[in-house]
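One structure is given below, encoded as structure tokens.
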Amino acid sequence: MFGAMGGVVWGAPVEKVRVIVTVDREFNESFIFALGGNVVAKGRIFPIVVVDIPSRALERVKNVKGVIRVEYDAEVHILKGKPPGVGKPKPPQPPQEIPWGISRVKALDAWSISDGASGGVIEVAILDTGIDYDHPDLAPNLAWGVSVLRGKVSTKPKDYRDQNGHGTHVAGTVAALNNEIGVVGVAPSVEIYAIRVLGPSGSGSYSDIILGIEQALLGPDGVLDSDGDGIIVGDPDDDDAAEVISMSLRGSSDVESFHDAINWAYSWGVIIVAASGNDGASSPSYPAAYPEVIAVGATDVNDQVPWWSNRGVEVSAPGVDILSTYPDDSYTTLSGTSMATPHVSGVVALVQAARYNKYGTVLSVEALREILHTTAEDHGLLGWDPYYGYGIVRADLAVQAAIN
């Protein structure tokens with residue numbers, strides 16, 4: 032029976048909002064339940080809880096013991112907008128061709144030193160819409176997959192399968208096999224992790240990206256620094272954290288808990304690469320805007336920066352009419368800084384694999400970024416400029432610098 036009393040409509044739905052709550056050890060989630068909320072997800076290594084809370088109780092959450100910060104869990108998206116959409120699909124398993132972007136970053140010239148193979152030490156985590164895990168040009172390099180959509184962690188293949196196409200396309204540019212079909216990636220022997228943080232429409236939430244970064248650090252064994260040596264990247268013994276995190280996605284705002292996760296990964300030595308955005312803006316979108324992240328801009332086949340590629344980048348790479356893998360064993364062309372980013376992620380993987388294979392260790396974040404800066408092919412104004420950053424990445428020169 033429904034009725035009204037004192038201005039309250041009994042039986043009316045309670046409006047809830049989803050928030051990311053940063054906490055300390057004094058936090059007790061029972062306080063959330065007492066306020067009519069529920070905990071959707073909890074970080075395993077990041078001190079966050081994702082909470083659905085009645086909007087009328089939001090201010091009270093901020094005063095709960097152990098709560099450090101409360102932020103709205105805003106949306107993130109794959110990078111859409113001005114670039115052309117999906118190109119004409121190619122037939123399944125066509126004879127292999129080298130996409131122009133792979134040639135432009137001189138990946139083939141780097142393979143005599145490094146093609147990304149490292150005995151399973153170097154992995155690239157692709158945080159995106161998932162990956163078509165049985166694509167013939169990707170399957171052998173897909174070492175692990177996990178979905179964190181809506182806060183639910185699942186390693187079932189059906190849950191991290193790409194239902195959009197974006198993530199599969201990105202993955203092919205990083206690591207498509209050097210076989211006799213389809214395409215080839217920048218680092219055709221590197222292992223990749225499919226970390227699904229975006230749904231079929233290409234949308235997700237900041238909390239899911241945070242949980243995705245956490246999964247990239249934990250790796251398949253689910254343990255951070257499992258041998259306790261203080262090393263999680265480039266560790267041949269026990270740790271299987273990703274050495275590179277590649278994010279071709281964007282959020283609209285600076286969310287501190289998200290930045291905390293970026294900083295945490297950075298502090299462990301993980302190289303984070305992200306797309307600058309397709310808005311023609313004077314600065315990158317988030318997460319590329321964070322100083323810990325390598326912000327990537329796009330160039331075309333004539334080495335020109337398209338008008339839609341956001342400025343203020345660190346480096347540039349091919350991002351127009353990029354041919355790569357696509358779901359259902361197919362191939363297609365896409366454009367955007369989303370497509371430029373995996374070129375850089377692949378180059379980083381080549382560099383770290385070359386370094387590890389020669390010295391048994393990987394480069395620090397700072398040292399690797401310096402190599403990218405000094406070996407990039409300069410365009411635009413001399414030195415760094417907001418359009419190209421330090422220039423178009425060169426895999427051959429970067430790999431050579433890593434082993435000298």
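Per our numbering, the sequence shown starts with residue 32, numbered consecutively. Using N, Cα and C, we set each Cβ at its ideal position, and we do this for glycine too.
> If you run the structure through DSSP and keep just helix, strand and coil, what is K189?
Replying inline: helix
>> If contacts are defined as beta-carbon pairs under 8 Å, then G147 and L381 qualify, I think. What distance do you get, rounded to the angstrom?
In response: 6 Å
> In this structure, what does DSSP give as the bridge partners for K93?
Replying inline: Note: K93 sits in no beta bridge, so no partner.
>> So, at 6 Å on beta carbons, what are the nonlocal neighbours of N69 in its own chain, with the 5 sequence-adjacent residues on each side left out?
In response: D83
> Quick one: Cα of R425 to Cα of I223, how far?
Replying inline: 21 Å
> Can you tell me whether S86 is buried or exposed, with buried defined as 16 or more other CB within 10 angstroms of its CB?
Replying inline: exposed
> Roughly how many whole angstroms lie between the Cα atoms of G203 and D168?
Replying inline: 7 Å
> For the region 239-271, which segments carrying the beta strand (DSSP E) assignment without a break, of at least 3 residues, lie completely within its bounds, in sequence order?
Replying inline: none
> Would you report the Cα separation of L73 and I51, rounded to the nearest angstrom?
Replying inline: Inspection of the sequence shows that residue 73 is occupied by Lys rather than by Leu. Going by the C-alpha atoms only, they are around 10 Å apart.
> If you pair each beta-carbon of the region 227-241 with each one of the region 268-286, do three or more pairs fall below 8 Å?
Replying inline: Output reads yes: the region 268-286 touches the region 227-241.
> Taking the alpha-carbon positions, what's the I240 to A207 distance?
Replying inline: 24 Å
>> Here's the rule I'm using: 16 or more other beta-carbon atoms within 10 Å means buried, otherwise exposed. How should G414 be labelled?
In response: The residue in question, G414, is exposed, as its Cβ has fewer than 16 Cβ neighbours within 10 Å.
>> I need the boundaries of the alpha helix (DSSP H) containing L399, first residue and last residue.
In response: V396 to T406
> Is the Cβ-Cβ distance between I244 and F77 less than 9 Å?
Replying inline: yes
> Which one or two residues does DSSP pair with A156 in a beta bridge?
Replying inline: Residue pairing by DSSP puts A156 in a beta bridge opposite Y224 and I276.
> CB-CB under 6 Å to A156, same chain, minus the five flanking residues each way: which ones, in chain order?
Replying inline: Y224, I226, A247, A273 and I276
> Are V215 and P130 closer than 9 Å when you measure CB to CB?
Replying inline: Contact flag set, yes.
> Just curious, the beta strand (DSSP E) that D83 is in, first and last residue?
Replying inline: I79 to P85
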